[in-house]
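Student: So that we are looking at the same thing, I have put the structure below in structure tokens.
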Amino acid sequence: MEKKKIHVLLIEDEEYDVRRVRNTVKPFNERIEILNIVSDGKSALALLRNGKSNYDVVVMDFQIAGGEMGEVLIQKIKELDHSLQIIVITKMTINITDYNFANRLIKAGAFWYCTKYPVDIEEYIYQPTDFVMSIFNAYEKCSLERERLKSNQKLIRNIEDILIQKKIVGESPSVQKLKEDIKKFAQSNVNTLIKGASGTGKELVAYNIHFNSQRKFENFVIINCGSLPNDLVESELFGYEKGAFTGADRKKLGLFEIANNGTVFLDEITELPLPAQVKILRVIQDGEIEKIGRTEKLKVDVRIIAATNRDIEEEVKAKRFREDLYYRLNVLPIFVPDLKYRKEDIPVLAEHFMTSISIDMVKDKPSVQNEAMKLLTDYDWPGNVRELKNVVQRLLFSDEKIITPPLVKYALGINWKEKDNNIIREFFNSSKILSLREMEIYLRQKYFQFIRENSESDTEAAGKLGLAPSNYHRMAKELGLK
Ligand SMILES: Nc1ncnc2c1ncn2[C@@H]1O[C@H](COP(=O)(O)OP(=O)(O)OP(=O)(O)O)[C@@H](O)[C@H]1O
Ligand SMILES: [Mg+2]
Numbered sequence: 012m013e014k015k016k017i018h019v020l021l022i023e024d025e026e027y028d029v030r031r032v033r034n035t036v037k038p039f040n041e042r043i044e045i046l047n048i049v050s051d052g053k054s055a056l057a058l059l060r061n062g063k064s065n066y067d068v069v070v071m072d073f074q075i076a077g078g079e080m081g082e083v084l085i086q087k088i089k090e091l092d093h094s095l096q097i098i099v100i101t102k103m104t105i106n107i108t109d110y111n112f113a114n115r116l117i118k119a120g121a122f123w124y125c126t127k128y129p130v131d132i133e134e135y136i137y138q139p140t141d142f143v144m145s146i147f148n149a150y151e152k153c154s155l156e157r158e159r160l161k162s163n164q165k166l167i168r169n170i171e172d173i174l175i176q177k178k179i180v181g182e183s184p185s186v187q188k189l190k191e192d193i194k195k196f197a198q199s200n201v202n203t204l205i206k207g208a209s210g211t212g213k214e215l216v217a218y219n220i221h222f223n224s225q226r227k228f229e230n231f232v233i234i235n236c237g238s239l240p241n242d243l244v245e246s247e248l249f250g251y252e253k254g255a256f257t258g259a260d261r262k263k264l265g266l267f268e269i270a271n272n273g274t275v276f277l278d279e280i281t282e283l284p285l286p287a288q289v290k291i292l293r294v295i296q297d298g299e300i301e302k303i304g305r306t307e308k309l310k311v312d313v314r315i316i317a318a319t320n321r322d323i324e325e326e327v328k329a330k331r332f333r334e335d336l337y338y339r340l341n342v343l344p345i346f347v348p349d350l351k352y353r354k355e356d357i358p359v360l361a362e363h364f365m366t367s368i369s370i371d372m373v374k375d376k377p378s379v380q381n382e383a384m385k386l387l388t389d390y391d392w393p394g395n396v397r398e399l400k401n402v403v404q405r406l407l408f409s410d411e412k413i414i415t416p417p418l419v420k421y422a423l424g425i426n427w428k429e430k431d432n433n434i435i436r437e438f439f440n441s442s443k444i445l446s447l448r449e450m451e452i453y454l455r456q457k458y459f460q461f462i463r464e465n466s467e468s469d470t471e472a473a474g475k476l477g478l479a480p481s482n483y484h485r486m487a488k489e490l491g492l493k
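Residue numbering for the sequence shown follows the working numbering, beginning at 12 and increasing consecutively.
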């Protein structure tokens, strides 16, 4: 492979020394090219500002005329492009055994420095092979730094993509608080317990904590405690060595090892069997894991985020979940509220899913009639945001351009019931005011119907209503139900 030429910028104000530098690198002109020569710091900086990526190495005289020079110039060059490597040449008059001076140069950001040969040596600026070698080495360092920068930028872009994909949508006060908590908790390294009903967004929260934290470049390992078979929990979490038991024909990395320096997300933590709870506690307390078939323990550094949709305090009381582990996990608790308690988020989330799913399905985003949106907002969402997302998906499958109330009712499907609070709402409809008597009859009708549907016989229904059977029959007749 043909090697790229090393592009050098020379900052030197004495013609004589320019000639000596040129001459020193001349045998290597195939690899080293002095692209530009300037005689003062200001022009050097101007040049670097226009096309800094053209240069790999700067060779600069320490003392030059025209203001910018020395350490300040080194610092300014490094600020413009940190990957540029600077080789300093100084006059003999500067004491070569002065370590202090060397230290100052390195601290300012220089790669290397040498003392010019005495002026009576016309050919070379310095011992030529040493000088050339240092340019090659400076170039290697420059390339490495540029490579690293590139891969870091790629990683940062990946993380930005993840954070866009896992964006937490919603503006309700509780979601704003959630976002603040995430920011705060991401800065710390402490274990976190996320509580909330199914489909509220707990996993989303865990993603956001990890990918906003110092650990974002390390692994984020999701472990669903509910789906780990009992007898495999240990080997999955902690792994085993080759030959640890019959059938262990090679070693297996445990999930905690894979997550080392990163984050483990223990989802459905209450499903973890008690023996495994003890092991997790030990990881938290000692930062060590016990691998099956390995005598010495293995150090790991993991942050634990756990989540549950169960009442974990109840599990602790019932002794199904270890209290000590609970306290260790619950250092920073986060609660994700049910969707029905943050109704203002429903239209925002619905719109968000309409947009994103339309894009995925490569179709135009439909518009939603106000009444249809109202139905979505009034609905109770027992399955929370996940259910809302599914309903939006169903709506988009219908291929309608305009989302109407009947479409919404249909999409809500079996979930849809004329809810009790809808009946109540009918009484507060200003366009249809009922008299007290009408309201009572209406309510009695509905209530009688409801009790009858949930009773085996009229006698049982009468009993539930606290009525004698004869009165029950009479009233049912009056209400037009018999
Ligand atoms: N605030 C939100 N903004 C955008 N999408 C959300 C939000 N909350 C939840 N979602 C989406 O809803 C779905 C369910 O969220 P998630 O899996 O995080 O819920 P969960 O609380 O972990 O549920 P479960 O307890 O059932 O595991 C996911 O597709 C998620 O992306
Ligand atoms: Mg989940």
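Note that CB positions come from ideal geometry on N, CA and C, so glycine has one too.
Does Asp431 pass the burial test, meaning 16 or more other C-beta atoms within 10 Å, or should it be called exposed?
Tutor: Position 420 of the sequence shown holds residue 431. Because Asp431 carries a pLDDT of 47, less than 50, the predicted location of this residue cannot be relied on, and the following value inherits that uncertainty. Classification of Asp431: exposed, given that the 10 Å Cβ count is below 16.
Student: Run the proximity test for Asp391: is its beta-carbon closer than 7 Å to any non-hydrogen atom belonging to ligand 2?
Tutor: Here residue 391 corresponds to residue number 380 of the sequence shown, with the count starting at 1. No, ligand 2 has no heavy atom inside 7 Å of this Cβ.
Student: Considering just the uninterrupted stretch of the beta strand (DSSP E) at Lys206, what are its terminal residues?
Tutor: For this step, residue 206 is matched to residue 195 along the sequence shown. It spans Thr203 to Gly207 - the beta strand (DSSP E) in which Lys206 sits, taken as one unbroken run.
Student: Given the structure, does Gly207 come close to ligand 1, in the sense that its CB is under 7 Å from one of the ligand's heavy atoms?
Tutor: For this step, residue 207 is matched to residue 196 along the sequence shown. Indeed, a heavy atom of ligand 1 lies less than 7 Å from the Cβ.
Student: Grab the span of the beta strand (DSSP E) containing Ile323 for me, first residue to last.
Tutor: For the purposes of this step, residue 323 is taken as the residue at position 312 of the sequence shown. Note, Ile323: premise wrong, no beta strand (DSSP E); alpha helix (DSSP H) at Ile323 to Lys328.
Student: When the distance is taken between beta carbons, is Ile179 closer than 8 Å to Val232?
Tutor: Here residue 232 refers to the residue found at position 221 of the sequence shown. Here residue 179 refers to the residue found at position 168 of the sequence shown. Not in contact: Val232 and Ile179 (Cβ atoms no closer than 8 Å).
Student: Spell out the partners DSSP gives Ile300 in its beta bridges.
Tutor: On the sequence shown, position 289 is the one that residue 300 refers to. Bridge partners of Ile300: Leu309.
Student: By a C-beta neighbour count over all protein chains shown, 10 Å radius and 16 as the cutoff for buried, is Tyr390 buried or exposed?
Tutor: For the purposes of this step, residue 390 is taken as residue 379 along the sequence shown, with counting starting at 1. Buried, because 16 or more other Cβ atoms sit within 10 Å of the Cβ of Tyr390.
Student: Determine the extent of the alpha helix (DSSP H) in which Arg168 is found, giving its start and end residues.
Tutor: Position 157 of the sequence shown holds residue 168. Arg168 -> alpha helix (DSSP H) spans Pro139 to Gln176.
Student: According to the neighbour-count rule (16 or more other Cβ atoms, all chains shown, within 10 Å of its Cβ), is Phe251 buried or exposed?
Tutor: Here residue 251 corresponds to residue number 240 of the sequence shown, with the count starting at 1. Here the sequence assigns Tyr to residue 251, which means Phe is not the residue at that position. Answer is buried; the Cβ neighbour count reaches 16.
Student: For Leu340 and Gly212, what's the separation of their Cα atoms in angstroms?
Tutor: Counting from 1 along the sequence shown, the entry for residue 340 is found at position 329. Counting from 1 along the sequence shown, the entry for residue 212 is found at position 201. The alpha-carbon atoms of Leu340 and Gly212 are separated by roughly 19 Å.
Student: Expressed to the nearest angstrom, what Euclidean distance is found between the alpha-carbon atoms of Arg31 and Ile45?
Tutor: On the sequence shown, position 20 is the one that residue 31 refers to. On the sequence shown, position 34 is the one that residue 45 refers to. In a straight line, the C-alpha of Arg31 is about 13 Å away from that of Ile45.
Student: Reducing DSSP to helix, strand and coil, say where Lys428 ends up.
Tutor: Position 417 of the sequence shown, counting from 1, holds the residue named residue 428. With a pLDDT of 48 at Lys428, under the threshold of 50, the modelled position of that residue is not reliable, and no figure is offered here.
Student: For the putative contact between Ile167 and Ile316, defined by C-beta atoms under 8 Å, what is the C-beta separation to the nearest angstrom?
Tutor: Residue mapping note: residue 167 aligns to position 156 of the sequence shown, counting from 1. Residue mapping note: residue 316 aligns to position 305 of the sequence shown, counting from 1. With a Cβ gap of about 22 Å, Ile167 and Ile316 do not count as contacting.
Student: Any chance the CB of Ala318 is under 7 Å from a heavy atom of ligand 2?
Tutor: Your numbering for residue 318 matches position 307 in the sequence shown. At least one heavy atom of ligand 2 is nearer than 7 Å to the Cβ of Ala318, so yes.
Student: Compare the C-alpha of Lys127 against each of Ala55, Met103, Ser145 and Ala119 and name the closest.
Tutor: Against the sequence shown, residue 127 aligns to sequence position 116. For Lys127, the nearest C-alpha among the options comes from Met103.
Student: Measuring from the CB of Asp278, is there a heavy atom of ligand 2 at a distance below 7 Å?
Tutor: Residue 278 sits at position 267 when you count from the first residue of the sequence shown. Yes.
Student: Would you say Ser246 and Lys263 are within 8 Å of each other, going by their C-beta atoms?
Tutor: Against the sequence shown, residue 246 aligns to sequence position 235. Against the sequence shown, residue 263 aligns to sequence position 252. In this structure, Lys263 lies closer than 8 Å to Ser246 by Cβ.
Student: Alpha carbon to alpha carbon, how far is Asp322 from Phe346?
Tutor: Working through the sequence shown from its first residue, we reach residue 322 at position 311. Working through the sequence shown from its first residue, we reach residue 346 at position 335. One C-alpha to the other measures close to 12 Å.
Student: Classify Gln380 as helix, strand or coil using the three-state DSSP reduction.
Tutor: Within the sequence shown, the letter at position 369 stands for residue 380. Coil.
Student: Tell me whether Glu191 counts as near ligand 1, meaning its Cβ is closer than 7 Å to at least one heavy atom of that ligand.
Tutor: Counted from its first residue, the sequence shown places residue 191 at position 180. Because no heavy atom of ligand 1 lies under 7 Å away, the Cβ of Glu191 does not count as near it: no.
Student: Helix or strand or just coil, what does DSSP make of Asp24?
Tutor: If you number the sequence shown from 1, residue 24 lands on position 13. Reduced to three states, the DSSP call for Asp24 is coil.
Student: Cα separation between Asn219 and Gln187?
Tutor: By 1-based counting over the sequence shown, the position of residue 219 is 208. By 1-based counting over the sequence shown, the position of residue 187 is 176. Those two C-alpha atoms are separated by around 14 Å.
Student: Does the region 389 to 406 come into contact with the region 354 to 366, if we say contact requires no fewer than three beta-carbon pairs (one atom in each stretch) closer than 8 Å?
Tutor: Result yes; three or more Cβ-Cβ pairs closer than 8 Å.
Student: Give every residue of the same chain whose Cβ lies closer than 7 Å to the Cβ of Ile136, excluding the five residues on either side of it in the sequence, and list them in chain order.
Tutor: Translated into the one-based positions of the sequence shown, residue 136 becomes position 125. Here the set comprises Asp28, Arg31, Val32, Thr35, Ile100, Lys127, Tyr128 and Phe142.
Student: Three-state secondary structure (DSSP) at His18?
Tutor: As a working note, residue 18 is residue 7 in the sequence shown. Looking at His18 - three-state DSSP - the assignment turns out to be strand.
Student: With a threshold of 7 Å, establish whether the CB of His363 neighbours any heavy atom of ligand 1.
Tutor: Along the sequence shown, read from residue 1 onward, the residue named residue 363 stands at position 352. Indeed, a heavy atom of ligand 1 lies less than 7 Å from the Cβ.
Student: Taking just the CA atoms, how far does Ile234 sit from Gln288?
Tutor: Residue 288 sits at position 277 when you count from the first residue of the sequence shown. Residue 234 sits at position 223 when you count from the first residue of the sequence shown. So the alpha carbons of these two residues sit roughly 14 Å apart.
Student: Let me know the secondary structure DSSP gives Lys262 once reduced to three states.
Tutor: Your numbering for residue 262 matches position 251 in the sequence shown. In this structure, Lys262 counts as coil in the three-state DSSP scheme.
Student: Return the first residue and the last residue of the beta strand (DSSP E) that Phe346 is part of.
Tutor: Sequence index remark: in the sequence shown, residue 346 carries index 335 (1-based). It spans Leu343 to Val347 - the beta strand (DSSP E) in which Phe346 sits, taken as one unbroken run.
Student: Can you tell me which residues form a DSSP beta bridge with Trp123?
Tutor: The residue labelled residue 123 in the question sits at position 112 within the sequence shown. Its beta-bridge partners are Ile98.
Student: Shorter than 7 Å, the distance from the beta carbon of Ile179 to the closest heavy atom of ligand 1, or not?
Tutor: As a first step, residue 179 must be located in the sequence shown, where it is residue number 168. Yes.
Student: Return the first residue and the last residue of the beta strand (DSSP E) that Arg314 is part of.
Tutor: For the purposes of this step, residue 314 is taken as residue 303 along the sequence shown, with counting starting at 1. First-last of the beta strand (DSSP E) with Arg314: Arg314 to Thr319.
Student: Report the rounded CA-to-CA distance for Ser479 versus Ser446, giving the unit in angstroms.
Tutor: Walking along the sequence shown from the start, residue 479 turns up at place 468. Walking along the sequence shown from the start, residue 446 turns up at place 435. Strictly speaking, residue 479 in this sequence is Ala, with Ser absent from that position. Each residue's alpha carbon lies about 28 Å from the other.
Student: Measuring CA to CA, which of Ala473, Leu492 and Arg42 is closest to Ile146?
Tutor: Start at 1 with the first residue of the sequence shown, and residue 146 comes out as number 135. Out of Ala473, Leu492 and Arg42, Arg42 has the C-alpha closest to the C-alpha of Ile146.
Student: Could you tell me the alpha carbon to alpha carbon distance between Asp172 and Tyr337, rounded to whole angstroms?
Tutor: Translated into positions along the sequence shown, residue 172 becomes position 161. Translated into positions along the sequence shown, residue 337 becomes position 326. C-alpha separation (whole angstroms): 33 Å.
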